[in-house]
Every structure is written in C-alpha cells, then in structure tokens.
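Novice: Per the numbering used here, residue 14 is the first one in the sequence shown, and the count goes up by one each step.
The C-beta atom is built at its ideal place from N, Cα and C for all residues, glycine as well.
A quick note: this is a predicted structure, and the numbers were derived from the prediction, not measured.
The structure under discussion is supplied below as structure tokens; questions concerning it will follow.
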Amino acid sequence: MDSSKSGFDESVKTNSVSIPSYLGRLRLRTHHDDDTASCASIFSDPFSRKHLLFLQPPNGWKNAEQQWTVEDFTDRVNVQKATRANGKSCVLNIILLASISGEETDRCIGTTGFVTIDNDIGYLGIISDHKTTRLGYATEALYTSIVFAFEKLGVKKIIMQTDELNEEMRGWCENTAGFKLDSKKPKELNGYSFIQYEYMFTLDEWNDSIKTRLEEKMNKIYKK
C-alpha cells in the first residue's frame, strides 16, 4: 500500500466503483438500481437494524410502520451520490457472488463503507442481511472497505461507532480486529438514546498489525 497518496481520488467521486473482496466471495460496488429493493428490505428488517434504530430516510418516514420503501432508499442513494461527489462519503453495497452462494444470480446482502468522511477521518459502518451472518462476510467486506479507504479516499484514520448493547459488533472490533476503544459517551439520534462506543485506528496501526490480523483470521476460517 502506498501510504504517500493523499486526498480523495477524483475518479471515485463520479465514476462507478467495483472492488473484489479479499477472498473473492464478495464484490463491493456503488449502488445499482437493482440493489434498491434488497437494501430497503435489509434496512427494514428488525434483526438487521436492531442496534441502528436511529437510521431514518433523508426525507422522513413515508409510513406509520417506519419501514424503508424503495423510494426511501432511493432518497438515501441520491444523498450519498452528492456527498461522494464532494469527497465526503463513499458507501458501497455488498454483493454476494452467485458462484459462491449457489444462487442463480449475484445478490446484494448489505452496505458498508463510509457514510461520512471528514478531512482525513473516515467513519466506517456496516449493515447486512442477518441471514448471512457468521459466515465471515462482514469481516471480508470491512477489510475490503478499509483497504480501499486508505488507498483511494485520502483517509488516514478510521472510526467505527456502535451501540454499547451491540455485543456482536463490539466483539468484532475488540477481539477480531483488535481495535482500541477510544471513547464511550451518551448519544441521541432521531429520538433514540444509547451509549456510543467509538473505536479508532490509524493507517500506521493498520499496517503494523490490524491488516495482518484480519488476513490471518480470514485465511484460517474462511479460506476459499
């Protein structure tokens, strides 16, 4: 990795992005129209968004049930396109390849990447179909997002934020990736109150240990 590169790659701002994952089971890509229905379903699923209740459509809920519609997710994609064009975000859909899943076609199983990029700090997140958990896809998707961020998005420091009650994500950050807990503090977003845990690591820390740690984890458990 060339750590001398700096700044958000201009080609990423307006061009489509498609990245093969570390183990080749997934592809991360900017949004395709045929991903929309899957994303809306995942964002509405109570298991997938159990600890992301603050997530709301940009233009507010269109139904009393607070379910994401195709129109809601289209609004979100349009906001993300605008912020990516300004070098302020880069969100990628997680595509499970049919050659791996045995399904008829490739399928969108979630989103990851950086909803916010503030100068050289990227805020990394993930939401995925709960039916695809515990198969290593999250580790593979997050690893791929991190590499892309350091190489193409001008990011030098990455922060992951999660609810104190999200033991699975906290466990991934602390035990799988070895991130350090930077802070924990009360937070309120869209009327939802929680204790936010914030994990932070730098490019140097990534190169020194975290990158190898995740690669060893994937090669040991999820090797092709």
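Let me make sure I understand the geometry here. Which of Glu187, Thr49, Arg40, Ala162 has the alpha-carbon closest to that of Asp133?
Specialist: If we check each option's Cα against that of Asp133, Ala162 comes out closest.
Novice: Taking the CB atoms as reference points, tell me whether Arg38 and Ile113 lie closer together than 8 Å.
Specialist: Yes, Cβ-Cβ distance for Arg38 and Ile113 is below 8 Å.
Novice: Which residue comes first and which comes last in the beta strand (DSSP E) that contains Tyr210?
Specialist: Where Tyr210 is concerned, the enclosing beta strand (DSSP E) stretches over 205-215.
Novice: Leaving aside the five residues before and after Ala95 along the sequence, list all residues of the same chain whose C-beta is less than 7 Å from its C-beta, in chain order.
Specialist: Within the same chain, Ala95 has no close Cβ partners at all.
Novice: Classify Asp15 as helix, strand or coil using the three-state DSSP reduction.
Specialist: Bear in mind that the predicted position of Asp15 carries a pLDDT of just 46, short of 50, making it unreliable; the figure below should be weighed with that in mind. Three-state DSSP puts Asp15 in coil, outside helix and strand.
Novice: To the nearest whole angstrom, what separates the beta carbons of Leu258 and Arg120, a pair I think is in contact under 8 Å?
Specialist: Past the boundaries of the shown model lies residue 258; the chain is included only from 14 to 237, so the question cannot be answered.
Novice: Would Met182 pass as a contact of Leu137 if the rule is Cβ separation under 8 Å?
Specialist: Going by C-beta atoms, Met182 is not nearer than 8 Å to Leu137.
Novice: What is the rounded straight-line gap between the Cα of Asp259 and the Cα of Ile159?
Specialist: For residue 259 there is no data in the structure shown, the boundaries of the chain being 14 and 237.
Novice: Per DSSP, what kind of secondary structure is Leu178 in: helix, strand or coil?
Specialist: In this structure, Leu178 counts as coil in the three-state DSSP scheme.
Novice: With a 10 Å radius around its C-beta and 16 neighbouring C-beta atoms as the bar for buried, classify Ala77 as buried or exposed.
Specialist: Under this definition Ala77 is an exposed residue.
Novice: So is Ala53 buried or exposed if we call it buried at 16+ other beta carbons inside 10 Å?
Specialist: With 16 or more Cβ atoms within 10 Å of its Cβ, Ala53 is classed as buried.
Novice: For Leu202, which residues of its own chain have a beta-carbon under 6 Å away from its beta-carbon, when the five flanking residues on both sides are left out?
Specialist: Taken in chain order, the residues that qualify are Phe67.
Novice: Could you tell me the boundaries of the alpha helix (DSSP H) in which Asp85 lies?
Specialist: Unbroken alpha helix (DSSP H) run through Asp85: 83-98.
Novice: Classify Trp74 as buried or exposed, calling it buried when 16 or more other Cβ atoms lie within 10 Å of its own Cβ.
Specialist: Exposed: under 16 other Cβ atoms inside 10 Å.
Novice: With a floor of 3 residues, list each beta strand (DSSP E) that falls wholly inside the stretch 106-180, ordered by position along the chain.
Specialist: Complete beta strand (DSSP E) runs here, min 3: 120-131, 134-141, 170-176.
Novice: Exposed or buried, Ala154, counting other C-beta atoms within 10 Å across all chains shown (16 or more means buried)?
Specialist: Its Cβ being crowded by 16 or more others within 10 Å, Ala154 is buried.
Novice: What is the DSSP secondary structure of Leu39, counted as helix, strand or coil?
Specialist: Three-state DSSP puts Leu39 in a strand.
Novice: Which first and last residues belong to the alpha helix (DSSP H) in which Asp23 is found?
Specialist: Looking at the sequence provided, one finds Glu at residue 23 rather than Asp. Note, Glu23: alpha helix (DSSP H), 23-27.
Novice: DSSP has Leu194 in a bridge; who is on the other side?
Specialist: Leu194 pairs with Tyr212.
Novice: Let me know if Gly126 comes out buried or exposed under the rule of 16 or more other beta-carbons within 10 Å of its beta-carbon.
Specialist: The residue in question, Gly126, is buried, as its Cβ has 16 or more Cβ neighbours within 10 Å.
Novice: Helix, strand or coil for Leu68, going by three-state DSSP, please let me know.
Specialist: Looking at Leu68 - three-state DSSP - the assignment turns out to be coil, as it is neither helix nor strand.
Novice: Determine, using beta carbons only, whether Leu65 and Ile140 come nearer to each other than 8 Å.
Specialist: Yes, the pair counts as a contact, with Cβ atoms nearer than the cut-off.
Novice: Can the beta-carbon of Lys200 be found less than 8 Å from the beta-carbon of Phe192?
Specialist: Not a contact, by the Cβ cut-off of 8 Å.
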